[in-house]
Each structure stands twice: as structure tokens, then as C-alpha cells.
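First to last, the sequence lines map onto chains A and B. Residue numbering for the first sequence follows numbering that gives the first Met the number 0, beginning at 0 and increasing consecutively. Residue numbering for the second sequence follows numbering that gives the first Met the number 0, beginning at 0 and increasing consecutively.
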Amino acid sequence: MIMTTRFLYGSYFFFHSVSFWLKRHVTPAGTLMMVIFVLTGIFGLNLFKTTLYQVMTVSFFLVCVSAGLSLIPFRLKVKVTHILPEYATVGEKVLYSVEITNLTLKLQKGIILYEDTADPRPDLKTLLSNKEPYERLRNAWDRKTLYYRWVWLCLKAGKASLKPLKLPDLPVGETIRVTSEFVPNFRGYLHFTGATFARPDILGLFMRCCCIKKRDKILVLPKRYSLEPPDLQSKRLYHPGGVNLASSIGNSDEFMSLRYYRPGDPLRNIHWRTFARTGELVIKEFEDEFFVRYALILDTCVPWEREAVFEEAVSIAASYVACMEPGDAILDLMFAGHKIYSFSSGRGLGGSEKILEILSCVEPCQDKTILELKATLESGLKRISGAICVFSGWEKEHEELSRMIHEALVPALIIVLAEDPLKKEEIQFKTRGSDQKIRVVQTGRVWEALSIP
Amino acid sequence: MKTPQFFLGTILLFWGWQVELLWIAIFLVFILEAARVVKTRFELQPSDFNKFVDISTVLLAGTIILALTVEAEKASLILLRWLPLIFFPIIGAQEFSAEGRMDIKSFFLAARKKAEMRFYETKKIDVSYIYAFFCIMSAASANTKGSVYFFFVGVFFVWGLWQIRSRRHPLAGWILCMVIVVILGYQGQTAVRAVGHKISNWIISYYTRYHAVDPFKTYTALGEIGDLKFSDEIVLRVSFEDYIPGKSYLLHSTTYNRFTSSNWFAKQGFEPIESKNNSGFWQVNPSRDPPLKMTQYFRLNNGKRVLSLPPGVIHISEMKAGRCEKNTMQVIRIEEGPSLIKAVVSYTGSSLYDAHPVPDDTFIPIKEKPALEALAQKLGLENKTEQEILKTIHGFFSSEFSYTLKLKGKGKRQTPLENFLFNTKAGHCEFFATATALLLRQAGIPARYATGFISHEYSTLEGQVVVRMRDAHAWAKVFVNGQWQNFDTTPPSFLTLDREKIQTSLMQDLLSFLGFKLSLLRHETGTRLMERYGLWLILPLGLILFLRLRKSGQIKRIREQSPSGSRKKGKERATGFYRIEELLAQKGHPRDPHETYASWLKRISPYLDNREITAHLSLALEHHNQWRFGRPKPMDRHKRKLDKEVIALWEKLSAML
């Protein structure tokens with residue numbers, strides 16, 4: 000079994016390389032010409048019935064001559080600069096520019112630019128451990144050969160397909176700027192590793208390539224919906240130690256009074272003016288703060304086959320992060336990964352961009368349940384004014400977590416995702432007696448379900 | 000990438016000319032090229048493209064079925080011939096669609112149905128070059144002799160590759176490359192043809208030597224029929240008009256008259272028999288009344304067959320064969336035809352038409368001479384009349400010889416025949432026939448060696464006489480009383496022995512009968528139905544077509560030349576900005592249909608590489624937008640000034656680009 004899988008993995012790996020090489024070295028016309036050669040070779044085998052062999056010979060020599068001419072060396076010295084936007088969003092067109100400076104001593108014409116991105120091919124372990132979202136619908140053969148899983152993983156790692164760009168003439172020593180676009184399909188970092196400049200041969204069938212290394216990256220954020228901030232009727236709570244204790248970094252400027260120094264007080268809080276006047280060490284005291292603090296609990300414990308649900312959950316979480324006013328409240332994002340993660344943002348603790356970046360890179364967790372968050376949540380419940388829970392389903396652990404929040408008298412908006420109307424109805428039936436604000440949302444219909452007040 | 004203007008049209012005309020469907024081609028060209036003139040376009044959705052692909056699929060399936068029904072062996076050629084017509088709905092839909100390209104998933108049924116499982120990006124392709132290739136492929140089915148096809152293929156390749164050539168290189172270089180390719184191609188195709196001929200000959204000779212019996216070979220070796228006898232496969236189905244139950248009929252295939260080194264040879268050449276108006280009627284010999292009649296069904300062997308017929312064939316009717324030939328010994332062979340062939344044979348029942356004896360009919364090889372002389376002397380054939388000789392020989396083989404399929408070679412004797420005559424005294428029909436023919440020659444009577452089948456088995460299942468491979472038989476032909484007649488000395492028990500030795504399988508017979516009936520349905524009933532009701536078969540196809548297009552009302556038609564459009568055009572002319580767009584499009588910077596003017600200008604500005612022009616263009620667009628979308632105003636001085644500016648810019652651009 001493992002031998003077969005290894006063989007399949009090796010074959011996919013190899014054919015991916017071949018296909019990549021062909022895409023870079025053969026133009027669409029060249030591909031068509033090779034297909035013509037093969038087809039006429041097959042159907043024209045009987046020389047006495049058709050004259051297809053004549054087409055075969057012409058296409059053969061076209062391919063040969065063109066391939067031969069494409070072997071002429073191609074050296075290009077250029078400087079490439081990517082001008083990328085800071086962020087991109089899944090499903091939205093990204094426009095970016097590339098500046099190219101011709102450092103050679105002659106005018107360069109008819110060059111095609113291919114963007115090189117990080118190798119998307121997964122390793123064997125990833126291929127075996129991951130699952131494609133629609134794997135349950137595939138037939139036995141497809142499930143056995145893992146082809147669709149391979150394609151899925153490649154596409155996911157690739158983030159987006161970048162189209163080749165036909166460059167205008169590159170005058171000697173001058174810099175030209177070209178604009179290109181792409182639509183990212185998956186969230187996360189899209190790494191640019193360089194640029195390949197291809198030059199078609201005289202017949203336009205094959206290309207000679209020249210690669211230039213240039214590393215860059217762009218963060219693809221999850222898809223976001225324009226949602227209203229949730230009305231949780233939360234109140235400002237007393238937070239001992241102020242914002243500086245809300246996180247390991249940051250400080251508060253809310254001055255209250257002066258007092259004499261006690262051992263252990265931070266030296267930075269010494270009031271130096273008083274010390275200068277009186278020679279006594281006097282310490283500044285700061286007022287503890289009252290502010291709103293929300294917890295955003297994301298259910299990442301989703302199996303691979305429910306990838307669509309997970310992506311929707313991440314999108315909803317990102318939408319709420321984006322719609323929160325950073326000056327108003329602190330937002331704690333909690334989810335389970337290899338360990339339990341809790342990140343805070345707002346009120347000087349960093350903008351929502353940081354949380355969005357985390358959400359862009361979050362992956363589903365296979366070996367844990369959402370109950371792993373229980374301890375973290377329990378300790379933080381006293382400080383939390385409201386909670387937004389994005390659950391991928393409604394199982395016992397979800398019920399337990401929501402009960403805990405309810406018992407702590409924390410107002411909460413609980414969003415439960417369902418793949419289809421049937422599942423939605425089932426969850427609605429299960430949650431009908433709950434006192435909490437529970438919204439069951441079908442994947443693909445988020446805006447309709449959550450835009451209703 | 001789109002094909003050049005008139006490219007597809009010319010290829011279609013070439014196809015029509017080659018396959019003799021010129022009128023259809025002209026009609027298709029008219030439609031396709033109209034797409035360049037008529038500005039009406041349809042907003043085709045992927046589901047609409049699916050319908051057109053479905054139509055082509057239905058047409059393809061229909062053509063395959065029809066081709067297999069009418070001429071199964073030429074089905075691939077028929078299909079190839081009609082390819083451009085079959086795929087025309089697809090290219091037509093693409094050419095008249097607003098987008099001008101097709102979603103690749105339309106071609107894959109699984110991809111369409113499992114839409115939710117698709118995570119690939121939509122890939123759109125232009126199928127016009129693929130269609131052009133199909134037309135060239137289809138034209139090849141005409142199998143035109145000479146260099147006409149090659150010349151046009153060369154022209155189409157050059158024409159098609161012209162627009163994708165690299166502009167970086169000088170034109171002369173490209174022309175030189177193409178000339179080299181065409182010359183190499185021409186030499187290559189000549190070489191391929193020569194090599195093909197050689198390989199074909201080699202394969203045929205290899206195949207004939209080791210795997211198949213060439214039905215047209217002019218010799219036979221002792222033992223060949225013995226090999227055939229080990230199969231119970233039904234090779235002939237015969238219905239005699241004057242069938243007498245229990246009677247055996249000899250069906251003659253070939254006659255040989257020269258015996259050397261255990262091989263029989265026939266040197267007679269074949270002459271073609273003309274068919275009357277290709278109606279399947281073949282006049283083999285002059286008519287005689289009243290003829291007997293028999294009908295037989297058989298299959299071709301590698302597209303050829305030597306017919307197994309009763310003696311004295313006058314004519315054969317209802318036989319759909321490409322070529323029919325006969326020699327002076329009344330051996331009739333055919334070439335080309337459907338896989339199952341029917342032949343209605345009129346015959347006299349006696350070998351009236353066989354050529355009179357030649358020296359080969361009395362020739363005895365030196366090696367066999369001593370044994371035959373000894374035997375003739377022993378039987379006392381020298382002083383007997385022809386009838387007495389025949390009777391003696393027949394009696395000799397009946398009384399002293401037995402039938403067996405076990406061959407024992409030549410033993411210690413000089414030849415296998417001598418071993419048969421003096422040692423084993425047992426053998427199969429070939430030995431009896433050879434020995435009889437040579438013994439008759441020794442007695443001074445011209446004799447020949449004939450092979451064929453003996454039909455004796457009436458199948459109750461099929462209601463006709465079936466002839467199996469094991470019924471292959473050999474006998475002698477003797478010239479007595481100025482006429483050739485069959486003379487079979489093999490002991491009559493051979494039929495019983497063969498039947499016991501080679502058992503028949505009921506299941507195999509049933510399957511064979513089923514296959515025969517299916518073939519009959521396809522070739523006889525199917526063809527008749529096609530001839531009578533062929534056109535009606537188009538009806539269900541047309542119905543499917545209609546159903547697929549029933550919802551065509553949903554397809555949105557975009558008319559460019561509507562009454563409001565003409566007013567718009569007037570406006571466009573007035574502003575002049577569209578002239579600039581046209582000019583830039585001509586210079587290789589066309590605006591995509593979905594692109595706004597602003598984004599278009601932004602995209603092409605690096606290519607223009609002139610800040611002044613770019614600034615002018617932006618200003619002109621701003622003015623255009625003000626005029627186009629702003630409040631309608633009467634023609635004022637400002638507008639006239641703007642127009643002048645645009646014209647100046649246009650002139651500047653045309654000079655620069």
C-alpha cells in the first residue's frame with residue numbers, strides 16, 4: 000500500500016515538474032503542434048487509407064526546427080522590483096506592478112514574464128495526512144490514487160495562478176513598469192521567489208527561459224463580509240492593572256497620584272521632579288481602567304472534509320475582526336492549534352491587521368476538540384464583556400462551552416455553521432430551547448444570515 | 000488566439016473540395032465568415048455552450064452508428080470525413096458568442112456534473128485552431144494522390160503560424176525557417192510513405208507465413224487442410240434450392256495442377272469480372288438454362304476470400320464486393336466488402352467451364368514416378384479404359400486404405416506420398432486426392448487437385464446447411480469424356496471420423512448464430528432500412544437537437560446596430576475618442592470588452608512609453624466622459640475645441656505608432 004502511494008507520489012511529483020517545465024518552455028501553439036503530431040501519428044498509421052502522415056511529417060519538422068532554434072542561448076540581465084500591495088483578499092482581484100530595468104546593452108523585444116512562486120508540491124506526509132474537501136464524494140479509484148488530493152494541495156499551497164505577462168520592448172538602461180493582476184483563491188502568504196523571462200523562438204512554438212531570483216511576499220487575507228458589529232449589550236468592566244496587564248506589552252497613561260517608593264516598584268515610575276526637589280523617592284500611581292473586552296472564539300477543530308465550513312468560519316471571524324472599532328474595545332482571539340492560542344488587539348495593543356494575519360494562516364486542528372479552550376476561557380471569563388463564538392457544528396462540546404459562557408453571565412453571539420439546509424434545520428432544532436443568541440448559518444449564505452439584526 | 004481572417008473559411012472550402020462536399024462547405028463558410036461581418040452576438044452562458052457540445056456529441060454518436068450500420072469497415076473513414084460538420088455547432092457557437100471563447104469544462108461531462116467538487120479555475124479556450132486541424136484531418140480522408148494535399152497543408156501551416164511568429168526576428172529568417180520545414184516535410188512524407196510500404200509488406204509476409212493462410216496463394220502443401228480440420232468454427236452458411244437431406248455437396252474453392260516436392264501449385268492468372276452497375280451482380284460464365292440456385296453467407300479473411308462454390312457457376316448476385324476475379328480453372332476470388340457477405344449463386348452442377356487440360360495436368364514429379372509406376376503396374380491400369388481405371392482406383396483406395404488425421408511424415412520412404420501408398424495406407428483427404436490425381440496421370444488421364452469444403456450438416460437451429468472449418472476437403476478432378484469431373488476417393492467414413500474427433504460445442508454454435516444474425520441485421524436489414532428510412536433517422540437526432548435548443552430564448556442577443564445604437568454611433572463619431580480607440584486597437588492595444596476606458600489606458604500606458612501622449616489621452620477621456628455622461632448641451636465652442644484637440648491627438652498618435 001505504502002509502496003503504491005510512494006510510487007503515485009513520485010509520479011505526481013515528476014509529472015508536475017514536467018508540466019511546469021512544458022508550460023514555461025512550450026507556447027500554446029507549440030502544444031497544439033505536438034498534439035497534432037501525436038494525433039496524426041495515431042490516426043494516420045494506415046498510409047494507404049489517408050494522407051494524414053503528410054500532416055504528421057510537417058508538424059514533426061516544425062516541432063524539431065522550432066525546438067532546435069529554441070536552444071540558442073538567451074542571457075538577460077535585468078533588475079526586477081515587485082510593487083505589491085500589503086494585503087490581498089481571497090476572491091478579489093489584486094493589481095500589482097513590476098518594474099524591470101534592462102541592464103543589457105541591447106533592446107529586448109518580445110519577452111514574456113512568468114512570476115515564480117514557491118513550489119506548491121506537498122511532501123508525502125502532507126499528502127497522506129490531509130484530505131481534500133470533496134474526498135467523500137469521489138469514487139473509489141480517485142480516493143485510492145489521491146490525485147484530486149494532490150491537485151487540491153498544490154492549488155492550496157499555490158494560493159493563486161499567475162498569468163504570464165507579455166512585456167513591451169525593454170530599452171537599454173531604462174526601467175519600465177508593467178501592471179499585472181491575479182485573483183487569490185486561498186488565504187495565507189503568497190511567496191514570490193523570482194521571475195522567469197521567456198523568449199519564444201522564431202516560429203513561436205518553443206521558448207528559452209532566463210530566471211532571476213527575487214523574494215517577495217503578499218498576505219492573502221480571508222474573505223470578509225461587511226457585517227455590523229454584534230450588539231452584545233456589553234458593559235465596561237474594571238480591569239486591574241489596566242491595559243498594560245491586558246497583554247504582556249503596552250502601558251497606560253491614566254495618572255492617579257503619587258506615593259512613596261516601596262521596594263519592587265518599577266524604576267521607570269519614579270517621579271524624578273519630586274526626587275530632585277525633596278530627595279525622596281516618590282512613585283507615580285496609575286488608575287486602573289474600565290473598558291469593553293470581547294472574546295472571539297474560533298472553532299478550529301474541524302475535519303479536512305469540512306474544509307468549506309472551516310473557511311467560512313475563518314471568514315466570519317475575520318469579518319468581525321475587521322468590523323470592530325479598534326479604539327473602543329479589546330478583542331481576544333482564541334483558538335486551538337498545536338497549542339491554545341489567545342491574541343489581543345485594540346486600545347493600543349496592535350491593530351486588527353495582526354489578528355487578520357493570524358486568521359490568514361490558521362489551519363484546521365485535527366487532534367483536539369474545542370473543549371481544549373475551556374481552561375483558557377474559564378480564566379478569562381471574568382474580564383470578558385461579551386463573546387462571539389464561531390462554531391463549525393453543534394456537538395456536546397460546543398454546548399458545554401456555550402453553557403459555561405452563559406453561566407458566567409457573559410452576553411454572547413454564537414454562530415453555528417452548517418453545510419446544507421438539512422444540517423441547518425437539524426442544528427436549529429437542537430438549539431431551539433437555548434436562551435443564548437444562536438445563529439445557524441449555512442455556508443455560502445453568511446451575509447443573508449448575519450446581516451439581519 | 001483567433002485564427003486569421005478567412006483562414007477557417009479557406010480550410011473548410013479545401014475540406015469540401017477534397018471530400019466532395021463542396022456545397023456543404025460553402026454553406027458552412029458562409030455562416031462562419033458571416034460572424035466577421037454581422038455584429039450580432041449572443042451572450043452564451045457555460046450551460047449554453049454545454050448544449051452545443053451536446054449537439055455535436057449527438058451528431059458524433061449518430062454518425063458512428065450510421066457508419067457502423069452502413070459500412071462498418073469504413074466507419075473510421077466515414078467519421079473522419081464528416082468531422083467538420085459534426086463539430087460545426089461548437090465553432091459556430093463560439094464565433095457568434097460575445098466572449099469568443101469556450102469554457103473547457105463544457106467538453107467534459109463529469110466536470111459539468113460535479114460542479115460542487117470543482118476547485119479549479121475556469122479555463123477558457125479558443126477552439127478555432129482545433130477546428131481548423133479537424134478540417135485538415137478530415138480532408139485527409141479523401142486520400143488524394145499526388146502533392147495537392149501536401150501543398151495545401153503547407154499553405155495552412157504557414158498561414159496559421161504567421162500571426163504567432165516572433166516579431167523579434169527578421170521576417171526573412173521566419174520565411175527561411177518555414178521553407179526549410181516545408182522542404183523537410185515533403186522529403187519526410189515521401190520517406191514515410193516508402194518506409195510504410197516496406198513495413199506493410201514485411202508485416203504481410205510475416206503474418207502470412209506464421210499466422211494466417213493467404214486466401215490468394217497459388218500453392219498448397221500436404222497437411223494444410225489437415226490443420227484446418229481441427230477447428231469446428233462455422234465458415235459458411237448455405238441454402239440449396241434443390242437441397243436433398245442427407246446429401247453431401249462439394250463446394251470447390253481452388254484447383255491446383257502442378258505437384259512438386261509435396262506442394263501443389265497453380266500458375267493461372269486471374270481476370271476481373273465486371274459487376275453490372277455495381278448492383279452486386281457478377282456474370283461469371285455465359286448463361287445456361289435452367290440453372291440451379293444456392294445462397295451462401297461468409298466472412299472475408301483479411302478483406303479477401305476465395306469463394307467456395309458448386310461446380311459450373313454462371314453468375315453470382317447480391318454479392319457486395321469491391322472486386323471479383325476468376326481464373327481458367329474456375330477459381331473465383333473477391334476483395335473488399337462488408338464483414339458478412341451474401342452471395343446468391345446460379346450454377347449448372349457440372350464443371351463445364353473449366354479450361355481444357357494443359358501439360359501440367361499430366362505432369363508427375365520424378366521423385367514420385369517409381370512408386371506410381373509400381374502401383375499402376377500392380378493395379379494393371381495400362382490396358383484399361385477410362386471408366387475401368389476410375390473404378391479400379393476408387394476400389395483400391397476404398398478397400399485397402401483407411402482415413403486418419405494422424406500424420407506420420409514420410410517414415411523410411413523417400414516421400415510422404417510413397418509412405419502413404421505403401422506403408423501407412425492411412426491418411427486424410429489430401430493424401431487420397433494427391434495420390435488419386437497422380438495415379439490418374441500415371442494412367443494417362445489428365446487430373447487436378449481441388450480443395451474446398453464438403454457441405455453435409457443441416458443445422459436445425461439455423462434452418463440451413465452449415466459448413467465448418469473441419470469440413471475442409473480435398474479431392475481430385477479428372478478429365479474424362481471431354482469434361483472435368485470431381486473424383487473423390489477419400490473413404491466416406493471420414494465425415495463420421497471427423498465429427499467424432501472434433502466435437503462441436505452447442506454454446507459456440509449458439510454464439511456463432513447470434514453473431515451471424517446480428518451481422519445480418521446490420522448488413523442486410525440495416526442497410527435496407529437505411530436505404531428506405533435513412534432520412535427518418537435524422538428525426539430523433541433533430542428532436543434531440545430541438546430539445547437542447549428549446550431554451551435558446553434565454554440566450555441574450557446583443558445587437559450592435561439597434562436604432563439607439565445608431566444614435567450612439569453618431570455620438571461616437573462626433574466625439575472622435577472612438578477613433579483613437581480604433582487606432583490603438585489597430586496598433587496592437589485593443590480594449591478588452593469588460594475593461595473601462597480608464598483601466599485600459601492605465602494598462603497600455605507603459606507600452607505607449609510617452610508621458611505627453613498618456614497625459615493627452617487621459618485628458619481626452621475626461622472630456623469624452625464629460626460629454627458622454629454629463630448633461631446634454633448644445634454644440635458649443637468648447638465642444639468644437641475639444642474635437643479639434645482629439646483630432647490633433649489622433650494624428651499625433653498615428654504618426655507616432
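The beta carbon of each residue, even a glycine, is placed where N, CA and C say it ideally should be.
{"Asked": "Contact with chain E by H314 (chain B), beta-carbon distance below 8 Å", "Found": "The chain labelled as chain E is not found among the protein chains of the depicted structure, namely A and B."}
{"Asked": "8 Å Cβ cutoff, V191 (chain B) in contact with chain A", "Found": "yes"}
{"Asked": "Runs of beta strand (DSSP E) wholly within the segment 271-325 of chain B (minimum 3 residues, chain order)", "Found": "291-298, 303-305, 312-316, 322-325"}
{"Asked": "Whether T431 (chain A) touches L449 (chain A) by CB criterion (8 Å)", "Found": "In the sequence on display, residue 431 (chain A) carries Arg and not Thr. It is not a contact, given that the beta carbons lie outside the stated cut-off."}
{"Asked": "Start and end residues, alpha helix (DSSP H) containing R627 (chain B)", "Found": "610-628"}
{"Asked": "Three-state class that DSSP yields for Y293 (chain A) in the structure shown", "Found": "strand"}
{"Asked": "Neighbourhood of R258 (chain A) by C-beta, 8 Å cutoff - its chain only, sequence neighbours within 5 removed", "Found": "V281, I282, E284"}
{"Asked": "K212 (chain A) - DSSP class collapsed to helix/strand/coil", "Found": "strand"}
{"Asked": "Given 8 Å, three or more beta-carbon pairs between the segment 463-481 of chain B and the segment 435-453 of chain B", "Found": "yes"}
{"Asked": "Any C-beta of chain B under 8 Å from that of Y188 (chain A)", "Found": "no"}
{"Asked": "Straight-line Cα distance separating K165 (chain A) from S16 (chain A)", "Found": "23 Å"}
{"Asked": "Beta-carbon proximity check, K292 (chain B) vs S345 (chain B), cutoff 8 Å", "Found": "yes"}
{"Asked": "Simplified DSSP state of C388 (chain A), which is helix, strand or coil", "Found": "strand"}
{"Asked": "Collapsed DSSP secondary structure at E650 (chain B) in the structure displayed", "Found": "helix"}
{"Asked": "Three-state secondary structure assigned by DSSP to P214 (chain B)", "Found": "With a pLDDT of only 49 at P214 (chain B), under 50, the local geometry of the prediction cannot be trusted, and no value is derived from it."}
{"Asked": "Min CB distance Q441 (chain A) to chain B below 8 Å", "Found": "no"}
{"Asked": "Length at least 4, wholly inside the segment 295-325 of chain A: the alpha helix (DSSP H) runs in chain order", "Found": "306-322"}
{"Asked": "In chain order, each beta strand (DSSP E) run of at least 3 residues that lies wholly inside the segment 150-220 of chain A", "Found": "174-181, 187-199, 206-220"}
{"Asked": "Closer than 8 Å at the beta carbon, the chain B residues around Y52 (chain A)", "Found": "Q188, V191, R192, G195"}
{"Asked": "Assigned secondary structure, F239 (chain B) (DSSP; H/G/I helix, E/B strand, else coil)", "Found": "strand"}
{"Asked": "Any C-beta of chain A under 8 Å from that of Y148 (chain B)", "Found": "yes"}
{"Asked": "Min CB distance R176 (chain A) to chain B below 8 Å", "Found": "yes"}
{"Asked": "DSSP state of M468 (chain B) mapped onto helix, strand, coil", "Found": "helix"}
{"Asked": "Proximal chain B residues relative to V64 (chain A), where beta-carbon distance stays under 8 Å", "Found": "C176, I179, V180, L183"}
{"Asked": "For V25 (chain A) and E581 (chain B), the rounded distance between their alpha carbons", "Found": "32 Å"}
{"Asked": "Stretch pair the segment 364-380 of chain B + the segment 452-472 of chain B: three plus CB contacts closer than 8 Å", "Found": "no"}
{"Asked": "Option in A:E304, A:A335, A:S343 with minimal Cα separation from M323 (chain A)", "Found": "A:S343"}
{"Asked": "Which of helix, strand or coil DSSP assigns to Y260 (chain A)", "Found": "coil"}
{"Asked": "Best match in A:G9, A:I35, A:C360 for proximity to A131 (chain B) [C-alpha to C-alpha]", "Found": "A:I35"}
{"Asked": "Under 9 Å (Cβ pairs) to chain B, residues found in the segment 193-210 of chain A", "Found": "R198, P199, D200, I201, L202, G203, L204"}
{"Asked": "C-alpha gap between H210 (chain B) and I501 (chain B), whole angstroms", "Found": "Reliability fails at H210 (chain B), whose pLDDT of 43 lies under 50, so the model's placement of it is uncertain and no value is given."}
{"Asked": "Length of the line joining the Cα atoms of L696 (chain B) and C134 (chain B)", "Found": "Residue numbering for chain B in the displayed model covers 0 to 656; residue 696 (chain B) lies beyond these limits and cannot be assessed."}
{"Asked": "Pairwise C-alpha distance: P88 (chain B) and K341 (chain B)", "Found": "40 Å"}
{"Asked": "Limits of the alpha helix (DSSP H) - the one that F150 (chain B) falls within", "Found": "147-161"}
{"Asked": "Bridge partners - K424 (chain B), DSSP secondary structure assignment", "Found": "Paired residue(s): none; K424 (chain B) is not in a bridge."}
{"Asked": "Residue burial classification, F156 (chain B) (beta-carbon count within 10 angstroms, cutoff 16)", "Found": "buried"}
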